[in-house]
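The block underneath contains the structure these notes are about, expressed in structure tokens.
Residue numbers (the UniProt record's numbering): 1 to 281.
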């Protein structure tokens, strides 16, 4: 029986600008997405029929609510092939945290099925299938550094922003994306996305840090001030900048000094066990 093991990487939003609410009730966004080395480990095996999902996390559904389950269904629909799949999800990425953990798992599932079923589908086809499952999945298939527009599915690759020290801290609060969007102030000032792209192109980590922004952050911090507390701890201990990722509740900090990052990690771990050092990739 064929087996395939894939690393499923998380992402952070270096910027997240919400432009307006569309006629279809979705929001038009402009976001710089960045793949990070924090990862889940997924093991895939072929089986005759059906889908079996096992995981080390009680927070992860093992039925049709799981995005990997939905990805398998979409792959069957697209190809007309009725084959089964076994998936073991070894979670490290915090759940419902603004790090696209579930989307990344679904992206890995799409790639694994393409390989195990010997489909030879192009990356564009895989991304199109992913888009029908969730808006973050096309980016998780592509990876790297990219600007996302539309509802997150229109992607343009940017110059890689690799090997930057990132400290991740999740306070253990689950914030639904729908809730985060319901608290938005769409009249607030636009983010400097152009300036951020220019800083990434130059590889200027300090300028990138100056241009970080998240339209969702202000409203979420009002409800969950613990997020501001974590941001402040990172900044006071050497982070060039810190920001809530996506719809939260994870906070990330950019560090030039790896030793300061490690020191801050140990400090935060005393209160927040879901704290990790990683890098941009």
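Virtual Cβ for every residue (Gly too), placed ideally from N, Cα, C.
Asked: What would DSSP say about residue 253, mapped onto helix, strand or coil?; Found: strand
Asked: Looking only at its chain, what residues have a beta carbon closer than 7 Å to the beta carbon of residue 135, apart from the 5 residues adjacent to it on each side?; Found: 151, 152 and 153
Asked: Should residue 40 and residue 93 be called a contact, given that it needs their Cβ atoms to be closer than 8 Å?; Found: yes
Asked: Determine the direct distance from the alpha carbon of residue 121 to that of residue 86, and round the result to whole angstroms.; Found: 20 Å
Asked: Find out if the Cβ-Cβ distance for the pair residue 67, residue 42 is shorter than 8 Å.; Found: no
Asked: Go through its chain and collect everything with a Cβ distance to residue 181's Cβ below 8 Å, but skip five positions before and after it.; Found: 18, 27, 216 and 247
Asked: Spatial neighbours of residue 145 within its chain, please: CB distance less than 6 Å, with the 5 preceding and 5 following residues excluded, ordered by chain position.; Found: 34, 158, 160 and 161
Asked: Determine the burial state of residue 188: buried for a count of at least 16 other Cβ atoms within 10 Å of its Cβ, exposed for fewer.; Found: exposed
Asked: Evaluate the contact criterion for the stretch 236-246 versus the stretch 189-196: three or more CB pairs, one atom per stretch, below 8 Å.; Found: no
Asked: Please state whether DSSP places residue 92 in a helix, a strand or coil.; Found: coil
Asked: Whose C-beta lies closer than 8 Å to the C-beta of residue 95 among residues of the same chain, with five residues either side of it excluded?; Found: 57, 59, 60, 101, 102 and 174
Asked: Exposed or buried, residue 201, counting other C-beta atoms within 10 Å across all chains shown (16 or more means buried)?; Found: exposed
Asked: Give me the Cβ distance between residue 10 and residue 36, rounded to the nearest whole Å; I'm assuming they're in contact under 8 Å.; Found: 5 Å
Asked: Applying the 10 Å Cβ sphere with the 16-neighbour rule, what's the burial state of residue 30?; Found: buried
Asked: Can you tell me where the alpha helix (DSSP H) with residue 201 in it begins and where it stops?; Found: 193-202
Asked: Taking the CB atoms as reference points, tell me whether residue 113 and residue 72 lie closer together than 8 Å.; Found: yes
Asked: For residue 241, which residues from the same chain have a beta carbon less than 6 Å from its beta carbon, with the 5 sequence-adjacent residues on both sides left out?; Found: 209, 212 and 254
Asked: If the criterion is Cβ atoms closer than 8 Å, does the pair residue 262 and residue 278 meet it?; Found: no
Asked: In terms of DSSP beta bridges, what is residue 216 paired with?; Found: The partner list for residue 216 (beta bridge, DSSP) is empty, contrary to what the question assumes.
Asked: List the DSSP bridge partners of residue 229.; Found: Residue 229 pairs with nothing; no bridge assigned.
Asked: Hey, which unbroken runs of the alpha helix (DSSP H) at 4 residues or more fall wholly within the stretch 64-125?; Found: 67-79 and 101-116
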